Amino acid sequence: MIGAGVMNMKNIKARIFFLVFLAALILSLGSTIGAATEADNSELMAEVFSAAEASLGGIEPEETLIITDIGSPAGSYAFLDDFYSEFYDRDLLYTQNLLVVQNARNSPLWFAFFDKCSGNCTYIEVSYENESEISYQVTENIDFDKLSKTPKSKAAWGEKVNSTIFNGREFAILTICNGWATGKLDYELMQCLELHNHFCPGVSSGFVLANWMEENYPLEENVSYTVFSCPSWCKEDVFVKRWDTTPGKGGIWVSSLTDDEKEALGGSPAGIFVVTDKNAGTMKAVVLGFNFDIVNAECGAKADDPAWISKYLADLWLMDKENWDTEELVSVISVTDIDEATLNEMKQAGNNPYVVLGLLDSEENVNP
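Take any residue in the sequence shown, note its place counting from 1, add 5, and you have its number in the numbering used here.
Pasting the structure below:
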């Protein structure tokens, strides 16, 4: 019995020793793999910046804009520290040289390095699931003035768009980079592009509408907006970014209108902005319209221009704050005092908020 007990103690000690050894081995391997991964991350970001520098002839603070979706694709957060290390080592500034756009988790990790002096843009995608490496790289001149100058240059760029030279991001990169190069792209508008991830008249019009609301119904302490963005277009992302009117917080409600309903509301309704002022104890439903016909007529676009030209010209026109006071660009359809019960009724599924406000007859509301 004593001998058996001694043997059991030896077996227990052996098992304990084995478990301790196994745990140490796992920790050692984990730290080695982690160190290797960190090294790969650091080297990959250095490789990305070096590749862009080689293609563009340098990365200068006065000339460079970097657009990237780093942090959005699954696992790409692992590169953030090393990306910013490379970024700040070149004396670049977050507010002047960088736009980090949101993207889906299943999107690739990509970077666009734009040099405004030459108009050249180096587009880079990286893979990092198995091996960290640059998986795609191309450099193209995206100077809008050059690309839109002649029928031949328009057609040449159109072919590159069709071939997805930037893997489907041609319009976003072209418009953001050229808008930034003018020196007139408001940083607060750029913040909205972080969420929207491209630059179009839809988001530009939202920026104009947001500024109109803030000028006429100042967003002071204890004042908030609830938005019924009906009909919907790209403008909604401006309201979410600028006012924190997220759907999850009940700040924005989005729905469509039929052509007949739009016509009954004057032809160009943009939405209902409910202003709750706790200081004054008031709640007002401000119904606004936005006239894209004015933008299209004034921006210089021609009827036969491809979309990438007409939309960018519209963006340029809307970027100019002197144009915001153009008569009937933003119109007031109605302003109505409402209460909490009316607001809640406007929010209910199946209700058309314009019908609730009495601006549409229920017979005209053909939404299901």
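Note that the Cβ used here is the ideal one computed from N, Cα and C, for glycine as well. In this text, all values refer to a predicted model and were calculated from it rather than measured experimentally.
| query | result |
| --- | --- |
| Could you round the C-beta distance between Glu-199 and Gln-107 to whole angstroms and report it? I think they count as a contact, below 8 Å. | 6 Å |
| Would the stretch 256-263 and the stretch 340-349 be scored as touching if the rule is three or more Cβ pairs under 8 Å? | no |
| Alpha carbons only, please: which of Asp-242, Cys-197, Phe-204, Lys-121 is nearest the one belonging to Gly-188? | Lys-121 |
| Assuming Phe-297 and Ser-273 are in contact, meaning their beta carbons sit under 8 Å apart, how far apart are those beta carbons, in whole angstroms? | 7 Å |
| Look up Leu-182 in the DSSP assignment and say whether it is helix, strand or coil. | Per the sequence shown, the amino acid found at residue 182 is Cys instead of Leu. Correct three-state label for Cys-182: helix. |
| Report yes or no: do three or more beta-carbon pairs, one from the stretch 282-291 and one from the stretch 224-238, lie closer than 8 Å? | yes |
| Taking the C-alpha atoms as reference points, what is the distance between Glu-130 and Lys-316? | 26 Å |
| Candidates Phe-92, Ala-57, Asp-264, Val-292: which alpha carbon is nearest Ile-139's? | Ala-57 |
| Counting only C-beta atoms, is Leu-334 closer than 8 Å to chain C at any point? | Among the chains in the structure shown there is no chain C, since it carries only a single protein chain. |
| Less than 8 Å between the C-beta atoms of Thr-86 and Ser-209, yes or no? | Reading the sequence as shown, one finds Asp at residue 86 and not Thr. No, the pair does not count as a contact, with Cβ atoms beyond the cut-off. |
| Can you give me the C-alpha to C-alpha distance between Asp-374 and Asn-349, rounded to a whole angstrom? | Shown here, the chain extends from 6 to 373; a query on residue 374 therefore has no answer. |
| I'd like to confirm the pairing. Which residues does DSSP put opposite Phe-119 in its beta bridges? | Leu-70, Cys-126 |
| So, for Glu-52: in the same chain, excluding its five sequence neighbours on each side, which residues have a beta-carbon less than 7 Å away from its beta-carbon? | Ile-139 |
| Would Gly-3 be called buried (16 or more neighbouring beta carbons within 10 Å of its own) or exposed? | One cannot answer for residue 3 here, as it falls past the ends of the chain, which runs 6 to 373. |
| How would you call Ala-117, buried or exposed, if buried means at least 16 neighbouring beta carbons within 10 angstroms? | buried |
| Write down the C-beta distance between Cys-239 and Gly-207 rounded to the nearest angstrom, noting that I regard them as a contact closer than 8 Å. | 3 Å |
| Taking the beta carbon of Val-361 as the centre, do at least 16 other beta carbons fall within 10 Å, making it buried, or is it exposed? | buried |
| How many angstroms separate the CA atom of Tyr-99 from the CA atom of Phe-119? | 15 Å |
| Could you tell me which of Leu-194, Leu-61, Asn-111, Gly-76 sits nearest to Val-143, measuring between CA atoms? | Leu-61 |
| Any chance the stretch 73-92 sits against the stretch 144-159, with 3 or more Cβ pairs inside 8 Å? | no |
| According to DSSP, which residues form a beta bridge with Tyr-141? | Glu-130 |
| Taking DSSP as the reference, what is the three-state secondary structure of Asn-227? | coil |
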